[in-house]
Amino acid sequence: AQTVTQSQPEMSVQEAETVTLSCTYDTSESDYYLFWYKQPPSRQMILVIRQEAYKQQNATENRFSVNFQKAAKSFSLKISDSQLGDAAMYFCAYRSARNTDKLIFGTGTRLQVFP
Amino acid sequence: GAGVSQSPSNKVTEKGKDVELRCDPISGHTALYWYRQSLGQGLEFLIYFQGNSAPDKSGLPSDRFSAERTGGSVSTLTIQRTQQEDSAVYLCASSWGTGTRGPQHFGDGTRLSIL
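Chains as they are written, first to last, in this note's numbering: chain A, 2 to 116; chain B, 15 to 129.
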């Protein structure tokens with residue numbers, strides 16, 4: 002079975018600085034998708050960025066980018082120029098390309114942003 | 015509506031009662047998912063509906079949990095004889111396809127509290 006591990010329960014960053022959130026996963030599959038979701042206090046899960054495992058190029062979305070290391074099964078999220086609105090819970094998630102599209106989530110990292 | 019709609023937003027009930035949680039997916043989305051998020055935890059997959067296919071119920075924790083999706087649209091998650099460990103936020107998501115063509119869009123969830 003696939004698992005997702007986020008080893009940082011909490012992280013903090015100064016406004017305008019850069020922070021990296023860690024995520025590792027375990028799978029025997031070669032084709033899959035990886036995601037980072039943001040969950041503010043409103044509870045809604047918001048998709049931040051996604052990566053297809055067959056793509057070597059790291060995904061980027063404005064201030065958000067990932068460092069995808071397939072061999073190491075690592076998928077970290079880098080937030081550049083952090084803003085107060087980035088404060089939230091961040092969840093890393095895995096989805097197999099083969100079977101049902103359920104997402105397997107890590108336990109999350111709470112990000113605090115200080116002015 | 016524009017997004018996934020869930021009702022009620024909050025539900026408080028006594029142990030042993032039955033509860034029904036509703037999810038109205040984004041119009042046109044063929045896939046619908048239910049997840050459970052216990053306090054301080056990541057999301058746990060419960061059940062997945064895709065079109066007219068048989069649902070994937072592999073995540074339902076016990077036979078007290080059931081879900082249906084009528085007419086390929088609205089879904090209801092039912093918990094019978096609720097227990098205190100059922101207290102959690104129940105999140106619904108929908109997508110229009112599979113793979114990365116269909117990222118999952120989440121609702122705001124229902125916070126269920128069992129007294």
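We put the CB at the ideal spot given by N, CA and C, even for glycine.
What three-state label does DSSP hand residue i in the structure shown?
i: Leu104 (chain A); result: coil
i: Gln55 (chain B); result: coil
i: Gln98 (chain B); result: helix
i: Leu48 (chain A); result: strand
i: Leu85 (chain A); result: helix
i: Asp122 (chain B); result: coil
i: Lys71 (chain A); result: coil
i: Arg64 (chain A); result: coil
i: Trp48 (chain B); result: strand
i: Tyr62 (chain B); result: strand
i: Ser67 (chain B); result: coil
i: Leu105 (chain B); result: strand
i: Ser41 (chain B); result: coil
i: Lys79 (chain A); result: strand
i: Ser127 (chain B); result: strand
i: Ala81 (chain B); result: strand
At which residues does the beta strand (DSSP E) containing residue i begin and terminate?
i: Val88 (chain B); result: Run containing Val88 (chain B): none; DSSP gives neither H nor E here.
i: Ala94 (chain A); result: Ala89 to Ser97
i: Asp77 (chain B); result: Asp77 (chain B) -> no beta strand (DSSP E), and no H or E assigned at all.
i: Cys37 (chain B); result: Val33 to Asp38
i: Asp20 (chain B); result: Strictly speaking, residue 20 (chain B) in this sequence is Gln, with Asp absent from that position. Where Gln20 (chain B) is concerned, the enclosing beta strand (DSSP E) stretches over Ser19 to Ser21.
i: Tyr34 (chain A); result: Tyr33 to Gln40
i: Lys25 (chain B); result: Asn24 to Thr27
i: Gln113 (chain A); result: Thr110 to Phe115
Using 8 Å as the limit for Cβ to Cβ distance, is residue i near chain B?
i: Asp102 (chain A); result: yes
i: Thr6 (chain A); result: no
i: Phe69 (chain A); result: no
i: Thr21 (chain A); result: no
i: Tyr110 (chain A); result: Residue identity check: residue 110 (chain A) is Thr in the sequence provided, not Tyr. Output row for Thr110 (chain A): interface = no.
i: Phe92 (chain A); result: yes
i: Gly107 (chain A); result: yes
I'd like to know if residue i contacts chain A, where contact means its C-beta is closer than 8 Å to some C-beta of that chain.
i: Tyr62 (chain B); result: yes
i: Ser109 (chain B); result: yes
i: Leu105 (chain B); result: yes
What residues from the region 41–59 of chain A come within 8 Å of chain B, judged by C-beta to C-beta, listed N to C? Listed in sequence order: Ser43, Arg44, Gln45, Met46, Ile47, Leu48, Arg51 and Glu53.
If you measure beta-carbon to beta-carbon, which residues of the region 81–94 of chain B are closer than 8 Å to chain A? Residues: none.
Check distances from the C-beta atoms of the region 40–61 of chain B to those of chain A and list, in chain order, the residues that come in under 7 Å. Those would be Ala45, Tyr47, Gln55, Gly56, Leu57 and Phe59, in chain order.
Beta strand (DSSP E) runs wholly inside the region 4–30 of chain A, at least 3 long, in chain order: Considered as a whole, the region 4–30 of chain A harbours 4–6, 11–15, 20–22 and 25–27 as its complete beta strand (DSSP E) runs of no fewer than 3 residues, in chain order.
By the 9 Å beta-carbon criterion, what residues does the region 116–128 of chain B contribute toward chain E? Chain labels in this structure do not include chain E; the protein chains are A and B.
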